[in-house]
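Under the UniProt record's numbering, think of the first position of the sequence shown as 1, with each following residue one higher. Think of the CB as a built atom: it goes at the ideal place given N, C-alpha and C, for glycine as much as any other residue.
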Amino acid sequence: MPKIGNIELPDFPLLLAPMEDVSDPPFRALCKEQGADVVYTEFISSEGLIRDAAKSVIKLDIYEKERPVGIQIFGAELDSMLQAVDIVEKSNPDIIDINFGCPVKKVVCKNAGAGILRDIPLMVKLTEEIVKRTKLPVTVKTRLGWDANSIKIVEVAERLQDVGTQAISIHGRTRVQMYKGEADWKPIAEVKNNPRMHIPVFGNGDVDTPEAAVRMRDEYGLDGAMIGRASIGYPWFFKEVKHYFKTGTHLPPPTMEERVEAARRHLQMSIDWKGEKLGVFETRRHYTNYFKGIPHFKEYRMKMVTSDESADVFAAFDEVLEKFGDFQFA
1 MPKIGNIELP DFPLLLAPME DVSDPPFRAL CKEQGADVVY TEFISSEGLI RDAAKSVIKL
61 DIYEKERPVG IQIFGAELDS MLQAVDIVEK SNPDIIDINF GCPVKKVVCK NAGAGILRDI
121 PLMVKLTEEI VKRTKLPVTV KTRLGWDANS IKIVEVAERL QDVGTQAISI HGRTRVQMYK
181 GEADWKPIAE VKNNPRMHIP VFGNGDVDTP EAAVRMRDEY GLDGAMIGRA SIGYPWFFKE
241 VKHYFKTGTH LPPPTMEERV EAARRHLQMS IDWKGEKLGV FETRRHYTNY FKGIPHFKEY
301 RMKMVTSDES ADVFAAFDEV LEKFGDFQFA
């Protein structure tokens, strides 16, 4: 059974990936209920934390029902990252995760996220100093490399382990690829098969079906899967994968009633946590997947994603249940 520090995990755990404006407390709660074994916060700017920026500070909110939960930080300046660690510790997470994988330009241009893949010595140094700074287990999320010509992930993972990293999650693409093409899990398997590696190695990228999760486990021998885009608007994915592991069969998809109820709860929790305006706005990205596959649905989806009033969105949910309540999802 894999362990992150002293945190014991089940065989082949499923981790909710840190996703900006997605993996907030309401969504993490839903994923946890559906079987996610470890959840991570949205990534948090170290510079934002030490400047007490509201958008960064609110992301420190975690709740007992989420545990084990990791808070993920990013940055490239050592002093800022160490100060951020001190701030993060006060929220009492189970894990501190370092983001060395975000490919977004505004992060990369500051040498943070995947930008640091161009400076492996700095990547290792930052990790080493953060490990020294905290008693919490430190994990890393990264990519294969900056581009196809600079993939040294086996060496990089070993060096990160040697300075105290307790687990590593690797997205099977380079930064240059962004999210294009197919994720390549072979280099991640090479990390796992390195005889010097003894920490958990989790795979990330294109785990979008239960069968893909089985392949990652059985063909590539990884310790677990980090789930990102497949869970957006579909927290049931974790439960479906675990059911497939046990039985080799697919669970029936959630009913319309279950989807509407989840969407309602999601929206209400978001409003309770971040207020009416942001709660309505930041939940919109989930609705396409909550109701994916329903024919002639555009009218209702537009109501959900264009209204600024929660009452209108809740009313749209009621309309959907009334009109499509008997719809059978494939």
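Could you give the distance in angstroms between the alpha-carbon of residue i and the alpha-carbon of residue j?
i: residue 331; j: Ile-232; result: With the chain represented from 1 up to 330, any question about residue 331 goes unanswered, as that position is not in the structure.
i: Glu-190; j: Asp-218; result: 14 Å
i: Met-123; j: Phe-238; result: 31 Å
i: Arg-118; j: Trp-146; result: 6 Å
i: Lys-277; j: Ala-76; result: 32 Å
i: Pro-295; j: Tyr-179; result: 28 Å
i: Ala-315; j: Tyr-63; result: 29 Å
i: Asp-162; j: His-198; result: 10 Å
i: Gln-328; j: Pro-254; result: 9 Å
i: Glu-322; j: His-250; result: 27 Å
i: Ile-7; j: Gly-293; result: 39 Å
i: Phe-100; j: Arg-175; result: 10 Å
i: Val-320; j: Lys-242; result: 29 Å
i: Asp-312; j: Ala-157; result: 49 Å
i: Thr-283; j: Val-154; result: 38 Å
i: Asn-289; j: Ala-330; result: 13 Å
i: Val-280; j: Ile-120; result: 40 Å
i: Met-302; j: Phe-291; result: 12 Å
i: Lys-192; j: Glu-257; result: 42 Å
i: Leu-9; j: Phe-245; result: 16 Å
i: Asp-61; j: Arg-196; result: 36 Å
i: Ile-71; j: Val-88; result: 7 Å
i: Lys-106; j: Asp-86; result: 25 Å
i: Tyr-300; j: Ala-263; result: 13 Å
i: Gly-228; j: Cys-31; result: 11 Å
i: Tyr-287; j: Asn-194; result: 42 Å
i: Ile-151; j: Thr-165; result: 20 Å
i: Arg-173; j: Ala-112; result: 17 Å
i: Cys-109; j: Gln-177; result: 16 Å
i: Tyr-220; j: Trp-185; result: 7 Å
i: Thr-134; j: Phe-297; result: 50 Å
i: Val-266; j: Pro-68; result: Note on residue identity: the sequence assigns His, not Val, to residue 266. Answer to the nearest angstrom: the Cα atoms are 21 Å apart.
i: Asp-52; j: Asp-326; result: 49 Å
i: Met-269; j: Glu-240; result: 24 Å
i: Glu-129; j: Asn-149; result: 28 Å
i: Lys-125; j: Val-57; result: 25 Å
Are residue i and residue j closer than 7 Å when you measure CB to CB?
i: Leu-14; j: Ala-29; result: no
i: Met-226; j: Ala-84; result: no
i: Phe-12; j: Gly-224; result: yes
i: Pro-252; j: Gln-34; result: no
i: Ile-73; j: Ile-44; result: yes
i: Val-131; j: Ile-168; result: no
i: Asp-208; j: Ala-230; result: yes
i: Thr-127; j: Leu-160; result: yes
i: Met-20; j: Val-39; result: The question names Met, but residue 20 in the sequence shown is Glu. No.
i: Gly-115; j: His-171; result: no
i: Ser-46; j: Met-1; result: no
i: Lys-59; j: Glu-42; result: yes
i: Val-260; j: Phe-324; result: no
i: Ile-96; j: Leu-136; result: yes
i: residue 337; j: Gly-203; result: Any answer about residue 337 is impossible in this case: the structure gives the chain only from 1 up to 330.
i: Pro-187; j: Leu-144; result: yes
In the DSSP output, which residue or residues are listed as bridge partners for residue i?
i: Leu-15; result: Val-38, Met-226
i: His-171; result: Arg-143, Asn-204
i: Phe-43; result: Gln-72
i: Glu-8; result: Lys-3
What I want to know is whether the C-beta of residue i ends up closer than 6 Å to one or more non-hydrogen atoms of the ligand GDP.
i: Thr-209; result: Within the structure as shown, the ligand GDP is missing, as the structure has no ligands at all.
Is there a C-beta anywhere in chain D that falls below 7 Å from the one on residue i?
i: Glu-66; result: Considering every chain present, this structure includes no chain D. It has just one protein chain.
Quick one: complete beta strand (DSSP E) runs, 3+ long, within the stretch 224-311?
-> Every beta strand (DSSP E) of 3 residues or more that sits fully in the stretch 224-311 is shown, in chain order, as 224-227.
Counting Cβ pairs closer than 8 Å, one from the stretch 291-307 and one from the stretch 85-95, do we hit at least three?
-> They do not touch, by the three-pair rule.
Entirely enclosed beta strand (DSSP E) segments - the stretch 85-141, minimum 3 residues | Look at the stretch 85-141 and you find these whole runs of beta strand (DSSP E), each 3 residues long or longer: 95-100.
Segment contact, 8 Å Cβ cut-off, at least three pairs: the stretch 19-34 with the stretch 267-274 | The stretch 19-34 is in contact with the stretch 267-274.
Quick check: the stretch 127-145 against the stretch 207-215, are there 3 or more CB pairs under 8 Å?
-> They do not touch, by the three-pair rule.
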